[in-house]
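Reviewing the structure listed below.
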Amino acid sequence: MKNGLKSNISKIVMTVAVAMGVSMAGSAQAAEPTVLKFASFVSPKSINNRVSVPAFIKAVEEASEGTLKIQHYPGGTLGSNPATQLKLVEDGVVDIAEVVAAYTPGRFKELELFELPFVFGNSLEAGLTAQQMYDKGHLSGFDKIELMGIIEVGPYTLHANQPMKTPEDVAGMKIRAGGPTQVEIVKRLGAVPIGGVSATKIAENISRRVLDGALMDDGNLINFRISDAAKYHVINVPLGNVTVLFPMNKEKYESLPEKAKAALDKYRGAWFTNLLNTNLDKQIAESREKLSKDGKHEIGMWSEEQLASVKEKMSGIEEGWNVKSDAGVNLYQEMLSIRDTIRAKN
Numbered sequence: 016m017k018n019g020l021k022s023n024i025s026k027i028v029m030t031v032a033v034a035m036g037v038s039m040a041g042s043a044q045a046a047e048p049t050v051l052k053f054a055s056f057v058s059p060k061s062i063n064n065r066v067s068v069p070a071f072i073k074a075v076e077e078a079s080e081g082t083l084k085i086q087h088y089p090g091g092t093l094g095s096n097p098a099t100q101l102k103l104v105e106d107g108v109v110d111i112a113e114v115v116a117a118y119t120p121g122r123f124k125e126l127e128l129f130e131l132p133f134v135f136g137n138s139l140e141a142g143l144t145a146q147q148m149y150d151k152g153h154l155s156g157f158d159k160i161e162l163m164g165i166i167e168v169g170p171y172t173l174h175a176n177q178p179m180k181t182p183e184d185v186a187g188m189k190i191r192a193g194g195p196t197q198v199e200i201v202k203r204l205g206a207v208p209i210g211g212v213s214a215t216k217i218a219e220n221i222s223r224r225v226l227d228g229a230l231m232d233d234g235n236l237i238n239f240r241i242s243d244a245a246k247y248h249v250i251n252v253p254l255g256n257v258t259v260l261f262p263m264n265k266e267k268y269e270s271l272p273e274k275a276k277a278a279l280d281k282y283r284g285a286w287f288t289n290l291l292n293t294n295l296d297k298q299i300a301e302s303r304e305k306l307s308k309d310g311k312h313e314i315g316m317w318s319e320e321q322l323a324s325v326k327e328k329m330s331g332i333e334e335g336w337n338v339k340s341d342a343g344v345n346l347y348q349e350m351l352s353i354r355d356t357i358r359a360k361n
């Protein structure tokens, strides 16, 4: 009888131990964080990948209370083609990526507004304007993705392998243009627009004389090695901004634990957009200073009279946008209104 009692007690103890082990194993398994892959085709040395994205990752991971881990893959380690980054996200190859909107023509139509010349003076005011337009539902093309942040790179300025003392010096040059609006800008400068050249191939094509120059923001001249081939720069002619998105795969986002979602929601949008664009403006200033000090580059600025002549050449370029949309909103005027509000605060 006693032996039977001991046997039953042993079985109970064993059962409890097994149950506790299963429970602890289950808890340990449940505690494992969801891992996200954050990819960028841009150099690890860019300010996005060196400063802004790591700060975003750190903030989100801490806020997630252990439910989320984000692995960063800069420099094209998960795909180096700039034009395929959005597809990588939508196909689930990566979870978040750095995506140039213009490389998917027609997808993010309203963002072409930001490519208009003489509208924005820096990345921050343009980026915050784009973020607010997104928040208000004015931007399309985001059905399959969740937006983490927006950069409005620029404004784009002029860079060439020959002097540009006056606007007339640009006439006849072969200038890289990334999209319809830039093509029109280059034409109005009297130059020849050359398309189909990704940012990572600009330097090579200038060296091979396929291009004489390019429109590019001053901050990326070093990242894309354009400054190795183009030694002449006009930095005070604002020829539009270019949109870079940080989208996340929508299905992946929706599958996350609530704490992980809440952490992303806390830092996506205005917080991340502010950080990205503020640091991008710092990169532009750093790049200008570096190039001006190395003695190999001619950093030029056109006179007010010359700028006025360029602005006149660009007159009316916004006409296709300065109308009411099907939803009854004049997106061009809405953009200017938001920009002016942001300028007043900054």
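Going by the working numbering, the first residue of the sequence shown is number 16, and it counts up by one from there. All residues carry an ideal CB built from backbone N, CA and C; glycine is no exception.
Handout entry: residue 255 in three-state terms, based on DSSP
Key = The residue given as residue 255 occupies position 240 in the sequence shown. Coil.
Practice task
Would you give the residue range spanned by the alpha helix (DSSP H) that residue 303 belongs to?
Solution key: The count along the sequence shown starts at 1 and reaches residue 303 at position 288. 285–308 is the span of the alpha helix (DSSP H), which, as asked, contains residue 303.
Exercise for the section: To the nearest angstrom, report how far apart residue 44 and residue 81 are at their CA atoms. Expected result: Within the sequence shown, the letter at position 29 stands for residue 44. Within the sequence shown, the letter at position 66 stands for residue 81. Per-residue confidence for residue 44 stands at a pLDDT of 48, beneath the threshold of 50, marking its modelled position as unreliable; the derived number appears in the next sentence. Rounded to whole angstroms, residue 44 to residue 81 spans 12 Å at the Cα level.
Practice task
Pick out whichever of 254, 238, 257 has its Cα sitting closest to the Cα of residue 303.
Solution key: As a working note, residue 303 is residue 288 in the sequence shown. Looking at the Cα atoms, 238 is the closest of the given residues.
Exercise for the section: Could you check which residue in 282, 182, 176, 277 has the C-alpha nearest to that of residue 243? Expected result: As a position in the sequence shown, residue 243 is number 228, starting the count at 1. Residue 243 has its Cα closest to that of 176, out of 282, 182, 176, 277.
Practice task
Could you name each continuous beta strand (DSSP E) segment of 3 residues or more that falls completely within the segment 45–116, going from the start of the chain to the end?
Solution key: 49–54, 83–88
Handout entry: Helix, strand or coil at residue 357 [DSSP, three-state]
Key = Here residue 357 refers to the residue found at position 342 when the sequence shown is read from its first residue. In the structure shown, the three-state DSSP call for residue 357 is helix.
Problem - Residue interval of the beta strand (DSSP E) (run including residue 168) - result: As a working note, residue 168 is residue 153 in the sequence shown. Run containing residue 168: 160–168, per the beta strand (DSSP E) assignment.
Problem - Segment limits, beta strand (DSSP E) that includes residue 228 - result: What you label residue 228 is simply residue 213 of the sequence shown in a count that begins at 1. From DSSP, the beta strand (DSSP E) with residue 228 extends over 228–231.
Practice task
Spell out the partners DSSP gives residue 261 in its beta bridges.
Solution key: Indexing the sequence shown from 1 puts residue 261 at position 246. BP columns for residue 261 point to 164.
Exercise for the section: Give the range of the alpha helix (DSSP H) segment to which residue 328 is assigned. Expected result: Locating residue 328 in the sequence shown gives position 313, where the first residue counts as 1. Residues 319–328.
Exercise for the section: State the DSSP-derived secondary structure class of residue 142, mapped to helix, strand or coil. Expected result: Numbered from its first residue, the sequence shown carries residue 142 at position 127. Residue state, collapsed to three classes: helix.
Handout entry: Closest Cα partner of residue 84 within the set 98, 50, 61, 95
Key = The residue you call residue 84 lines up with position 69 of the sequence shown. Measuring from the Cα of residue 84, the nearest candidate turns out to be 50.
Exercise for the section: Give me the Cα-Cα distance between residue 2 and residue 145, rounded to the nearest whole angstrom. Expected result: The structure shown has nothing for residue 2, since the chain only spans 16 to 361.
Handout entry: Contact check, residue 247 vs residue 179, beta carbons under 7 Å
Key = Start at 1 with the first residue of the sequence shown, and residue 247 comes out as number 232. Start at 1 with the first residue of the sequence shown, and residue 179 comes out as number 164. In contact: residue 247 and residue 179 (Cβ atoms closer than 7 Å).
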